[in-house]
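Quick note on this note's numbering: the sequence shown kicks off at 729 and runs consecutively. First comes the structure, then the notes that go with it.
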Amino acid sequence: ELSLMEKAAVSYYPSYVERDAIKAIDPAIAVKDITAYVFDQFLSHIQEDFSLREGLLFVGGFAHPPNADAVLWFAREVYPHVRRKMEAAGAVPPEFIVVGSKVTEEIQALEQPGNGIVVKGFVPEEELSRLYGECRVVVVPLRYGAGVKGKVVEAIYYGAPIVTTAIGAEGIPQVEDVLLVEDEAETFADAVVGLYQDCGACRDLCRRTQAYVRAHFSVEAAWRRIEEDF
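Okay, structure coming up:
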């Protein structure tokens, strides 16, 4: 890999984490980070009255083990804290809606009468867009996994208020400006509850995501990173 880079005029990686790793090996190698996710159209309308939106949403296919681990951890270690904190505040706890293909028996078994977890499994694109527009907060509780996480970029694109982990935020530049990052079960739950109960904060993050996705994931933004190389 390094020998190929030495022969190339420039090499591209999908995140600054990888770019910096190459620079640490050999600062002389010409390497840049360029997004692997590029949008040429953006949403014309987002429901910004978050009092009309409800529920927590997770999106991710379960053929990918980090997604299964994330949902199991959230359901077992984080969501019970969310429910207790909401009930202590006199509020109705939000449903935790799980979307993704290839649902395992262990994931499906999380859905039990009265526990607030809804496992939808695979949904078509139209329904996924509707869920992003109707849910109040997206959770991405990843505990391991490499590279830029497409599910985080997708949630940003849809204008969702997001709570994730450092792993979920990995490799996405300045993403802490548009989402919340927590790694421990109780602090993750605190962030979810705090955001869920503050519709103004949800609206603010939603608006920031739209400016952010245009600045970092548009065709124009991608071209600005590479135009001098062509």
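Don't be surprised by glycine CBs; every beta carbon is placed ideally from N, CA and C.
Original post:
Beta carbon of Ala851, beta carbon of Ala917: below 8 Å?
Top reply: Reading the sequence shown from its first residue, position 123 is the one you call residue 851. Reading the sequence shown from its first residue, position 189 is the one you call residue 917. For the sequence presented, residue 851 should be read as Val rather than Ala. With contacts defined by Cβ atoms closer than 8 Å, Val851 and Ala917 do not form a contacting pair.
Original post:
My guess is that Ile753 and Leu732 are in contact by the Cβ rule of under 8 Å, so how many angstroms apart are they, rounded?
Top reply: By 1-based counting over the sequence shown, the position of residue 753 is 25. By 1-based counting over the sequence shown, the position of residue 732 is 4. 13 Å between Cβ atoms; not a contact.
Subject >> Whole runs of the alpha helix (DSSP H) within the stretch 744 to 795, excluding any shorter than 4 residues >> reply: Counting whole runs of 4 or more residues, the stretch 744 to 795 contains the alpha helix (DSSP H) stretches 744 to 753.
**OP:** Please go through the same chain and pick out, in chain order, the residues whose beta-carbon is closer than 6 Å to the beta-carbon of Tyr886, but skip the five residues on each side of it.
**Re:** Counted from its first residue, the sequence shown places residue 886 at position 158. Closer than 6 Å at the Cβ level, and outside the excluded window around Tyr886, lie Tyr860.
Original post:
At what residues does the alpha helix (DSSP H) containing Ser731 begin and finish?
Top reply: On the sequence shown, position 3 is the one that residue 731 refers to. Per DSSP, Ser731 belongs to the alpha helix (DSSP H) from 730 to 735.
Original post:
Would you call the CB atoms of Ala894 and Asp905 closer than 8 Å?
Top reply: Position 166 of the sequence shown, counted from the start, is the residue given in the question as residue 894. Position 177 of the sequence shown, counted from the start, is the residue given in the question as residue 905. No, the pair does not count as a contact, with Cβ atoms beyond the cut-off.
**OP:** Just confirm the distance between the C-beta atoms of Lys879 and Gly783, as a whole number of angstroms; I'd bet it's less than 8 Å.
**Re:** Within the sequence shown, residue 879 is the residue found at index 151, counting from 1. Within the sequence shown, residue 783 is the residue found at index 55, counting from 1. In this structure Lys879 does not touch Gly783 by the C-beta definition: roughly 17 Å separates them, more than the 8 Å allowed.
Original post:
Would you call the CB atoms of Pro794 and Tyr872 closer than 8 Å?
Top reply: Taking the sequence shown and counting its residues from 1, the one referred to as residue 794 is at position 66. Taking the sequence shown and counting its residues from 1, the one referred to as residue 872 is at position 144. Going by C-beta atoms, Pro794 is nearer than 8 Å to Tyr872.
**OP:** Let me know the secondary structure DSSP gives Leu908 once reduced to three states.
**Re:** Here the question's residue 908 lines up with position 180 in the sequence shown. When secondary structure is reduced to three states using DSSP, Leu908 falls in the strand class.
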